[in-house]
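Numbering (our numbering), first residue to last: 136 to 430. Yeah, the Cβ is synthetic: ideal placement off N, Cα and C, and Gly gets one too. What follows is a single structure, written as structure tokens, with notes after it.
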């Protein structure tokens, strides 16, 4: 599933091409009703003829701002791809919607599993989105103290909490595993059990893995491509996510383990990420290393 880094890379790749472009019309593909959160005719009526004034991002959601004050929201789901193409290029399989642009290009959306969603926030409705999302992990407004206050309210496993978009916006399975590994925190630890030092390590690790993934243009495990159709390169830098159970930890060589947390496969090193917090404090060396992964 595209997470914060992948959506940010899509945003950066598309914004120079889309800013100032006018949407001439909306073309329906195979199953637009499965993707759109409102009827196709209503969506087309709201966006056709409008100019794109900018592209933003909130968590895993791409925001296409229009000159009407409305905002098109794009959630890529598990396998969604939003990319530019020439009208003469054949439509790929699983193409569901296209934005025809005045400069002779199409912004196309394809989605194999159809879990993605394209919606519309009318002027004044942005608060609806903000109300269901937590703070941005990369925002300077999220301090260790503020994060510690939020953690203290929850006894759920820390991995499960990191996946909640209402807790932190943009973190998913890949980067939760990677950040917990770098911070030396067991994914099954109750969130409220983390002390201030562990919270500082966790926030620093989250910011590191997210920023690095953006710099390497995202993680392509299967379907992810940026807005120009290019895959990411961060998958070669993953330390723990996707490692097979029993394979050696890239830091200490201990066989890694895999459990299910919040219905998501979770890989960790029992030595580098012990359940007892006192032992975790002694871990060192993983934050700066970059072992390979099976992806």
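Bridge partners of residue 233, per DSSP?
The residue you call residue 233 lines up with position 98 of the chain shown. According to DSSP, which records beta bridges pairwise, residue 233 is partnered with 162, 243.
Beta-carbon of residue 219 versus every beta-carbon of chain B: anything under 8 Å?
In the structure shown, chain B does not exist; there is a single protein chain.
Counting Cβ pairs, one atom from each stretch, are 3 or more of them under 8 Å apart for the region 353–362 and the region 382–392?
No: the two stretches stay apart, fewer than three of their Cβ pairs being nearer than 8 Å.
I need the straight-line Cα distance from residue 319 to residue 334, nearest angstrom please.
Here residue 319 corresponds to residue number 184 of the chain shown, with the count starting at 1. Here residue 334 corresponds to residue number 199 of the chain shown, with the count starting at 1. The alpha-carbon atoms of residue 319 and residue 334 are separated by roughly 11 Å.
Between which two residues does the beta strand (DSSP E) holding residue 394 run?
In the chain shown, the residue the question calls residue 394 occupies position 259. Taken as a continuous stretch (DSSP letters only), the beta strand (DSSP E) holding residue 394 covers 392–396.
Give the C-beta separation of residue 194 and residue 268 to the nearest angstrom, bearing in mind that I take them to be a contact with Cβ-Cβ under 8 Å.
For the purposes of this step, residue 194 is taken as residue 59 along the chain shown, with counting starting at 1. For the purposes of this step, residue 268 is taken as residue 133 along the chain shown, with counting starting at 1. Right, the Cβ-Cβ distance comes to about 5 Å (below 8 Å), so this counts as a contact.
Could you check the C-alpha separation between residue 375 and residue 173 for me, to the nearest Å?
By 1-based counting over the chain shown, the position of residue 375 is 240. By 1-based counting over the chain shown, the position of residue 173 is 38. Their Cα atoms are separated by approximately 39 Å.
Relative to the C-alpha of residue 183, which residue among 225, 202, 212, 348 is closest?
Indexing the chain shown from 1 puts residue 183 at position 48. Considering only alpha carbons, the answer is 202.
Among 315, 408, 152, 394, nearest to residue 217 - alpha-carbon criterion:
Reading the chain shown from its first residue, position 82 is the one you call residue 217. For residue 217, the closest C-alpha among the options 315, 408, 152, 394 is that of 152.
Return yes when the Cβ of residue 242 is within less than 8 Å of the Cβ of residue 219, no when it is not.
The residue labelled residue 219 in the question sits at position 84 within the chain shown. The residue labelled residue 242 in the question sits at position 107 within the chain shown. Contact: yes.
Give me the Cα-Cα distance between residue 344 and residue 150, rounded to the nearest whole angstrom.
Locating residue 344 in the chain shown gives position 209, where the first residue counts as 1. Locating residue 150 in the chain shown gives position 15, where the first residue counts as 1. Answer to the nearest angstrom: the Cα atoms are 23 Å apart.
From 179, 405, 370, 398, pick the residue whose C-alpha is nearest to that of residue 141; which is it?
Counting from one through the chain shown, the residue named residue 141 turns up at place 6. Minimum Cα distance to residue 141 is reached at 370.
Quick check on this structure: which residue in 313, 271, 411 has the alpha carbon closest to the alpha carbon of residue 403?
Against the chain shown, residue 403 aligns to sequence position 268. The candidate whose alpha carbon is nearest that of residue 403 is 313.
Using DSSP's beta-bridge definition, name the partner residues of residue 209.
By one-based count along the chain shown, residue 209 stands at place 74. Under DSSP, residue 209 takes part in a beta bridge, and its partners are 197, 253.
Residue 331, buried or exposed, once every other Cβ within 10 Å from all chains shown has been counted against 16
On the chain shown, residue 331 is found 196 positions in, with the first residue counted as 1. Answer is exposed; the Cβ neighbour count stays below 16.
Can you look up residue 187 in the DSSP assignment and give me helix, strand or coil?
Numbered from 1 along the chain shown, position 52 holds the residue referred to as residue 187. Three-state DSSP puts residue 187 in a strand.
Could you give the distance in angstroms between the alpha-carbon of residue 315 and the alpha-carbon of residue 326?
Reading the chain shown from its first residue, position 180 is the one you call residue 315. Reading the chain shown from its first residue, position 191 is the one you call residue 326. Rounded to the nearest whole angstrom, the CA to CA distance from residue 315 to residue 326 is 12 Å.
With DSSP as the reference, label residue 420 as helix, strand or coil.
Along the chain shown, read from residue 1 onward, the residue named residue 420 stands at position 285. Reliability of the predicted coordinates at residue 420 is poor, the pLDDT of 40 falling under 50, and the value obtained from them is presented with this limitation in mind. In the displayed model, residue 420 falls within coil according to three-state DSSP, outside both helix and strand.
Can you tell me which of the three DSSP states residue 266 falls into?
Working through the chain shown from its first residue, we reach residue 266 at position 131. The three-state secondary structure of residue 266, taken from DSSP, is coil.
Determine the contact status of residue 162 and residue 209, defining contact as a CB-CB distance below 8 Å.
Sequence index remark: in the chain shown, residue 162 carries index 27 (1-based). Sequence index remark: in the chain shown, residue 209 carries index 74 (1-based). No, the Cβ-Cβ distance between residue 162 and residue 209 is not below 8 Å.
C-beta atoms of residue 190 and residue 146 nearer than 8 Å:
Taking the chain shown and counting its residues from 1, the one referred to as residue 190 is at position 55. Taking the chain shown and counting its residues from 1, the one referred to as residue 146 is at position 11. Cβ distance < 8 Å, so residue 190 and residue 146 count as in contact.
Is the beta carbon of residue 186 sitting closer than 8 Å to the one on residue 157?
On the chain shown, position 51 is the one that residue 186 refers to. On the chain shown, position 22 is the one that residue 157 refers to. Yes, Cβ-Cβ distance for residue 186 and residue 157 is below 8 Å.
Per-residue DSSP class, three states only, for residue 360:
For this step, residue 360 is matched to residue 225 along the chain shown. Residue 360 falls in the coil class under three-state DSSP.
State yes or no: is the C-beta of residue 293 within less than 8 Å of the C-beta of residue 329?
Translated into the one-based positions of the chain shown, residue 293 becomes position 158. Translated into the one-based positions of the chain shown, residue 329 becomes position 194. Yes.
From the DSSP output, in three-state form, read off residue 288 for me.
For the purposes of this step, residue 288 is taken as residue 153 along the chain shown, with counting starting at 1. DSSP places residue 288 in coil when its eight states are reduced to three.
Classify residue 180 as helix, strand or coil using the three-state DSSP reduction.
Within the chain shown, residue 180 is the residue found at index 45, counting from 1. Residue state, collapsed to three classes: helix.
Over the uninterrupted beta strand (DSSP E) stretch that includes residue 336, give me the two end residues.
If you number the chain shown from 1, residue 336 lands on position 201. The continuous stretches of beta strand (DSSP E) do not include residue 336, which lies in the alpha helix (DSSP H) extending over residues 331–350.
For residue 304, name the three-state secondary structure that DSSP assigns.
Numbered from its first residue, the chain shown carries residue 304 at position 169. Secondary structure at residue 304: coil, using DSSP grouped into helix, strand and coil.
Please state if the CB of residue 306 and the CB of residue 363 are separated by a distance shorter than 8 Å.
Locating residue 363 in the chain shown gives position 228, counting from the first residue. Locating residue 306 in the chain shown gives position 171, counting from the first residue. In this structure, residue 306 does not lie closer than 8 Å to residue 363 by Cβ.
Span of the alpha helix (DSSP H) around residue 216
As a working mapping, residue 216 is identified with position 81 in the chain shown. Careful: residue 216 lies outside any alpha helix (DSSP H), inside the beta strand (DSSP E) at 215–220.
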